[in-house]
Every structure is written in C-alpha cells, then in structure tokens.
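What follows is a short report on a single structure.
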Amino acid sequence: MVQMSLTMSDNTQLKTWVARDTKERFAAVARHQGLSDSALLKRLVDLMLHTAGGGETAVVADRAGRDSRLTVRLHLTDQVLLRERAAARGMRAATYVSVLTRAHLRALAPLPQEELLALKRTVAELASIGRNLNQIAHAANRGERVIGPKQEDLRAMLKICQGLRDHVKTLLSANLKSWEQGYGEPGTK
Numbered sequence: 002m003v004q005m006s007l008t009m010s011d012n013t014q015l016k017t018w019v020a021r022d023t024k025e026r027f028a029a030v031a032r033h034q035g036l037s038d039s040a041l042l043k044r045l046v047d048l049m050l051h052t053a054g055g056g057e058t059a060v061v062a063d064r065a066g067r068d069s070r071l072t073v074r075l076h077l078t079d080q081v082l083l084r085e086r087a088a089a090r091g092m093r094a095a096t097y098v099s100v101l102t103r104a105h106l107r108a109l110a111p112l113p114q115e116e117l118l119a120l121k122r123t124v125a126e127l128a129s130i131g132r133n134l135n136q137i138a139h140a141a142n143r144g145e146r147v148i149g150p151k152q153e154d155l156r157a158m159l160k161i162c163q164g165l166r167d168h169v170k171t172l173l174s175a176n177l178k179s180w181e182q183g184y185g186e187p188g189t190k
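The numbering of the sequence shown is our numbering, which starts it at 2 and goes up by one.
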C-alpha cells in the first residue's frame, strides 16, 4: 500500500509498507551510506524518476534548493577541533566548513577576513612609504635640494619595511600550514 499525504509546505510524504526484514536491510544500507532511511528513500525515488524521464525538471529544481545545505556527522573529537579552528579564525563552524570545502574543491588557500584586512592594511602602509621614498628620489634626481629623511630615518623606514615583510610572510605561512595539516597525532589524518 502506498499512501501520500499533504504537508504544510506543499511537499508530500511517500509511505509504503514492507516486511520487517526488508526494512532492517534498508536501514542498514542507509546507515552504511551515512543517510537516514527517508533520505535514502528520497534518493531512490529521485533516481527512478530521473532515469524514467518523468518529472526531471522537478527533481532538478528540488535538488538545487536542497543541495545548498549539507548535513555532516562528525566524531565528537572532530567537532571540538572544528569549533576551535573556527573560533581561532573568528568564524562560525558552518562558515568555516563552507570556506574549507570551497577551498579544497577550488584548490584555494583561503584567508579569513581579519587576516585579509591585516594584509590589506600592510600593503597600504607599504605603498605609502614607497610613494614617499619615490618622491624623494625624483626630487634628488632632478637636482633639487632634498630636505627629507636623514640616513637614520631611511634606516628606520627600511627596518619597518623589513618588519612588515616578515610579518606578512609569517602570516601567509601560518595560514597555508593551518589549511594543510590537522590537529591529529603525527602520522594520522
């Protein structure tokens, strides 16, 4: 017997009766695939409709909305690590997983927003210093009397530039390393 009932969201529910052994085997297959019984049943119905050629546009439209969300089961210790990593980057866990997944799929090494803003500020500061030094150099090349930074000032600017460079290199290195390695014991993934 197949029964369909209307829910409040204009979706319908599909039910059927099967032997207890069939239900238990079906549930085992669903668990093995990391799905609920109903999620596996929905996949099978969608697959059948898709291969039969009927209702193909409805299946595609339904998948577009539902596939934008993903439910993942994590081991308890992995959940803790996920929250720690997300918090360290000032992100919610779901946002962190989304960014991480996109980075993996597109071979990116993402920078969290705060790190990106720090890099942008650093680049702006370096650009400002560069413009000032460039103006001094142009004036000196034109034979103008340059009243500007003394040798000690230039050494200080050079030290600042080197410090900024080293800071950016460290930041980028730490970011890349954090996306490449986990918190697991050595030799584990």
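Here a beta-carbon is modelled for each residue, glycine too, at the ideal position from N, C-alpha and C.
Can you tell me where the beta strand (DSSP E) with Thr72 in it begins and where it stops?
That residue, Thr72, is in no beta strand (DSSP E); it is neither H nor E in DSSP.
Is there contact here, the stretch 130 to 138 with the stretch 149 to 161, by at least three beta-carbon pairs under 8 Å?
yes
Select from His139, Asp38, Val100 and Arg21 the residue whose C-alpha is nearest the C-alpha of Ala28.
Asp38
Alpha helix (DSSP H) containing Ala101: first to last residue?
Sequence inspection shows Leu at residue 101; the Ala mentioned does not correspond to that position. In the DSSP assignment, Leu101 falls within the alpha helix (DSSP H) that extends over Ala94 to Leu106.
Please return the same chain residues whose Cβ sits closer than 6 Å to the Cβ of Met2, not counting the five positions on each side in sequence.
Caution is warranted here: a pLDDT of 44 is assigned to Met2, below 50, making its placement in the model unreliable, and the coordinate value is therefore given only provisionally. For Met2, where only same-chain residues beyond five positions count, the Cβ hits under 6 Å are Trp18.
The alpha helix (DSSP H) spanning Lys16 covers which residue range?
Not the alpha helix (DSSP H): Lys16 falls in the beta strand (DSSP E), residues Thr13 to Thr17.
For Ala40, does the three-state DSSP call read helix, strand or coil?
In the three-state reduction of the DSSP assignment, Ala40 falls in the helix class, which pools H, G and I.
Excluding the five sequence neighbours on either side, which residues of its own chain have a C-beta within less than 7 Å of the C-beta of Glu186, listed in chain order?
Because Glu186 carries a pLDDT of 47, less than 50, the predicted location of this residue cannot be relied on, and the following value inherits that uncertainty. There are no such residues.
For Leu42 versus Gln34, is the C-beta distance shorter than 8 Å?
no
Given this structure, state the Cα-to-Cα distance separating Ile161 from Asn142, to the nearest angstrom.
25 Å
Which residues bound the alpha helix (DSSP H) around Glu145?
Per DSSP, Glu145 belongs to no alpha helix (DSSP H) and is neither H nor E.
Buried or exposed for Arg90, going by 16 or more other Cβ atoms inside 10 Å?
buried
Check Ala29 in the structure and name its three-state DSSP category.
Ala29 carries a helical assignment under DSSP once its states are collapsed to helix, strand and coil.
DSSP on Lys178, reduced to helix/strand/coil?
Helix at Lys178.
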